[in-house]
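K.L.:
Take any residue in the sequence shown, count from 1 to its spot, add 1: that is its number in my numbering. I have a structure here, written as structure tokens, and I will follow up with some questions on it.
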Amino acid sequence: MIAFLYAGQGSQKVGMGKDFYDNSTDFKNIFDEVRNEAGFDLEEICFEDKEGRINNTRYTQACLAAFAAGVTKLLNKAGISPDYLAGLSLGEYSALHAAGLMDEKELVKLVGFRGAAMQEAANGLDTKMSAILGLTGEDIKPVLDEINKKYEAENKERESKGEMLLSVEISNFNCKGQVVISGASQLVTEAEEKLKEVGAKRCVALKVSSAFHTSYMEPASKKLEEYFNDNNNGLLVDERKLSKPVLFNAIADEKQERKVSDLLIAQVKNPVRMEQTIVKLKDLGVDTIVEIGPGKTLAGFVKKTVEGVKVYSIDSYADYENLVKEMAS
Numbered sequence: 002m003i004a005f006l007y008a009g010q011g012s013q014k015v016g017m018g019k020d021f022y023d024n025s026t027d028f029k030n031i032f033d034e035v036r037n038e039a040g041f042d043l044e045e046i047c048f049e050d051k052e053g054r055i056n057n058t059r060y061t062q063a064c065l066a067a068f069a070a071g072v073t074k075l076l077n078k079a080g081i082s083p084d085y086l087a088g089l090s091l092g093e094y095s096a097l098h099a100a101g102l103m104d105e106k107e108l109v110k111l112v113g114f115r116g117a118a119m120q121e122a123a124n125g126l127d128t129k130m131s132a133i134l135g136l137t138g139e140d141i142k143p144v145l146d147e148i149n150k151k152y153e154a155e156n157k158e159r160e161s162k163g164e165m166l167l168s169v170e171i172s173n174f175n176c177k178g179q180v181v182i183s184g185a186s187q188l189v190t191e192a193e194e195k196l197k198e199v200g201a202k203r204c205v206a207l208k209v210s211s212a213f214h215t216s217y218m219e220p221a222s223k224k225l226e227e228y229f230n231d232n233n234n235g236l237l238v239d240e241r242k243l244s245k246p247v248l249f250n251a252i253a254d255e256k257q258e259r260k261v262s263d264l265l266i267a268q269v270k271n272p273v274r275m276e277q278t279i280v281k282l283k284d285l286g287v288d289t290i291v292e293i294g295p296g297k298t299l300a301g302f303v304k305k306t307v308e309g310v311k312v313y314s315i316d317s318y319a320d321y322e323n324l325v326k327e328m329a330s
């Protein structure tokens, strides 16, 4: 069985999609069709980015979603169809698009809204994200709990003044031996030092603009809730059906009786359970995973987490051509 796994924010890079755009009319048409929904020049930011905007959440999310939609269209046209779908953070929205829950224009409009809401929630906050290598969530949580407890009194004072509260939280379970922590910059730095003392091999700062998938994103989650209930300008995702099973970040499982909107609202302020999702896909019988990039980060996560699963990464048009050839043989 095959699963499509969509990359998240952090995988973006200047030049992404240029070779697809030049070689495929179908891919080019996707970019052309969603330009209005993006609200900015997709090609300029993806291919050249002269003003250095590609890492700003407001732009990143629509760029990555458009790239994923284009690649998905090519794979479908080539007869490569997934049995399961999943994605990391933003990539979950591309998975839902691939499952027929929304079209390309709705996808880009939605993630553009999400990106703007997350950027607005991040504005003025001194936060950062750091990947902790060599420890498990069970190793990390007690250290974070201890640090957060230390700041309880200061947070009460900050709350009374309407100032930013200080916390550090787990935001991503990426793969075996890689967990991302996020929060107030000073607390993340403090946590990095303590985690090195208890065995962390390395701590790597991530190129994102805030503490995503933590309580700092509560304002963004509220805006998403409003969007999913807005019949005029939003998207009523709960009135639609999935054509393929999707494993959701918040629970590392299919939605069962849960609402899609609730899972997306929860996702933005809770940890992404990618490691658990990869394990679940293997348990479901998936033996081939196609990472729809850019980049090959998720392929690395899969290889570090499970054995016996073949992984392909679609980072370039050549990758796509090679996959089509191999699947046909």
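Beta carbons: idealized from backbone N, C-alpha and C, even for Gly.
1) Indicate whether S317 and D42 have their beta-carbon atoms separated by less than 7 angstroms.
2) Can you find the residues in the same chain that come closer than 7 angstroms, C-beta to C-beta, to E193, ignoring five residues on each side of it along the sequence?
3) Apart from the five residues just before and just after L188, which ones in its own chain have a Cβ nearer than 6 angstroms to its Cβ?
4) Alpha carbon to alpha carbon, how far is E164 from L6? Give it in angstroms, no decimals.
5) Is the stretch 58-73 close to the stretch 108-124, with three or more CB pairs under 8 angstroms?
6) Excluding five sequence neighbours on each side, which residues of the same chain lie with their C-beta closer than 7 angstroms to the C-beta of I315?
7) For N77, which option in H98, D284, G301 has the closest C-alpha, if you only look at C-alpha atoms?
8) Starting from F5 and walking both ways along the alpha helix (DSSP H), at which residues does that stretch end?
9) In terms of residues, what are the limits of the beta strand (DSSP E) holding G88?
10) Given T298, which residues of its chain have a CB within under 7 angstroms of its CB, disregarding the five upstream and five downstream residues?
11) Please work out which residues of its chain come closer than 7 angstroms, Cβ to Cβ, to K106, disregarding the five sequence neighbours upstream and downstream, and give them in chain order.
12) On the DSSP bridge list, what partners appear for Q179?
13) Whole angstroms is fine: what's the gap from E227's alpha carbon to Y217's?
14) Report the rounded CA-to-CA distance for K142 versus A212, giving the unit in angstroms.
15) Just to confirm, is the Cβ distance from D288 to V312 under 7 angstroms?
16) Considering only C-alpha positions, which residue in the set K305, F68, P220 is nearest to Q268?
17) Looking at the structure shown, is A79 part of a helix, part of a strand, or coil, going by DSSP?
18) Do you know whose CA, among A70, N57, F174, lies nearest D140's CA?
19) With respect to the beta strand (DSSP E) encompassing T289, which residues constitute its N-terminal and C-terminal limits?
20) Under the assumption that L341 contacts A100 (Cβ atoms under 8 angstroms), give the Cβ distance between them as a whole number of angstroms.
21) Excluding five sequence neighbours on each side, which residues of the same chain lie with their C-beta closer than 8 angstroms to the C-beta of E56?
22) Have a look at K129 and Y94 and give me their C-alpha separation to the nearest angstrom.
23) Could you work out which residue in A67, M17, K260 is closest to N30 when comparing CA atoms only?
24) Between the Cα of A329 and the Cα atoms of A319, G80, N24, which residue gives the shortest distance?
P.N.:
Taking the geometry as given:
1) To locate residue 317, count along the sequence shown from 1; it is residue 316. To locate residue 42, count along the sequence shown from 1; it is residue 41. The answer is no: Cβ separation not under 7 angstroms.
2) In the sequence shown, the residue the question calls residue 193 occupies position 192. Around E193: S131, C204.
3) As a first step, residue 188 must be located in the sequence shown, where it is residue number 187. So the qualifying residues of the chain are I148, L167, V169.
4) Your numbering for residue 6 matches position 5 in the sequence shown. Your numbering for residue 164 matches position 163 in the sequence shown. Cα to Cα, L6 sits roughly 39 angstroms from E164.
5) With a cut-off of 8 angstroms, the stretch 108-124 and the stretch 58-73 count as touching, because enough Cβ pairs lie within range.
6) Taking the first residue of the sequence shown as 1, we reach residue 315 at position 314. Excluding positions up to five away in sequence, the list reads V72, V291, E292, I293, G294, Y321, L324.
7) The residue labelled residue 77 in the question sits at position 76 within the sequence shown. Checking every option, the nearest Cα to that of N77 belongs to H98.
8) The count along the sequence shown starts at 1 and reaches residue 5 at position 4. For F5, no alpha helix (DSSP H) encloses it; the enclosing beta strand (DSSP E) starts and ends at 3-7.
9) Counting from 1 along the sequence shown, the entry for residue 88 is found at position 87. Counting along the chain, G88 sits inside the beta strand (DSSP E) bounded by residues 85-88.
10) On the sequence shown, residue 298 is found 297 positions in, with the first residue counted as 1. Result list for T298: A8, S12, in chain order.
11) Here residue 106 refers to the residue found at position 105 of the sequence shown. Residues E34, V35, E38 of the same chain have their beta carbon placed closer than 7 angstroms to that of K106, with the five preceding and five following residues left out of the count.
12) The residue labelled residue 179 in the question sits at position 178 within the sequence shown. Per DSSP, L134, C176.
13) On the sequence shown, position 226 is the one that residue 227 refers to. On the sequence shown, position 216 is the one that residue 217 refers to. Going from the Cα of E227 to the Cα of Y217 covers about 18 angstroms.
14) Locating residue 142 in the sequence shown gives position 141, where the first residue counts as 1. Locating residue 212 in the sequence shown gives position 211, where the first residue counts as 1. Taking C-alpha positions only, K142 is separated from A212 by approximately 17 angstroms.
15) As a working note, residue 288 is residue 287 in the sequence shown. As a working note, residue 312 is residue 311 in the sequence shown. It is not a contact, given that the beta carbons lie outside the stated cut-off.
16) On the sequence shown, residue 268 is found 267 positions in, with the first residue counted as 1. Of K305, F68, P220, the residue nearest in Cα terms is P220.
17) The residue labelled residue 79 in the question sits at position 78 within the sequence shown. Note: A79 maps to coil in three-state DSSP.
18) Counted from its first residue, the sequence shown places residue 140 at position 139. The shortest C-alpha separation from D140 is found at F174.
19) The residue given as residue 289 occupies position 288 in the sequence shown. Annotation for T289: the continuous beta strand (DSSP E) segment containing it runs 289-293.
20) Within the shown structure, residues of the chain are numbered from 2 to 330, placing residue 341 beyond reach of any answer.
21) Numbered from 1 along the sequence shown, position 55 holds the residue referred to as residue 56. It is Asn, not Glu, that sits at residue 56 in the sequence shown. Closer than 8 angstroms at Cβ, skipping near neighbours: Q13, K208, V209, S210.
22) Translated into the one-based positions of the sequence shown, residue 129 becomes position 128. Translated into the one-based positions of the sequence shown, residue 94 becomes position 93. Cα-Cα distance, rounded: 23 angstroms.
23) Here residue 30 is taken as the residue at index 29 of the sequence shown, counted from 1. Selected option, being the one with the closest Cα: A67.
24) Translated into the one-based positions of the sequence shown, residue 329 becomes position 328. For A329, the closest C-alpha among the options A319, G80, N24 is that of G80.
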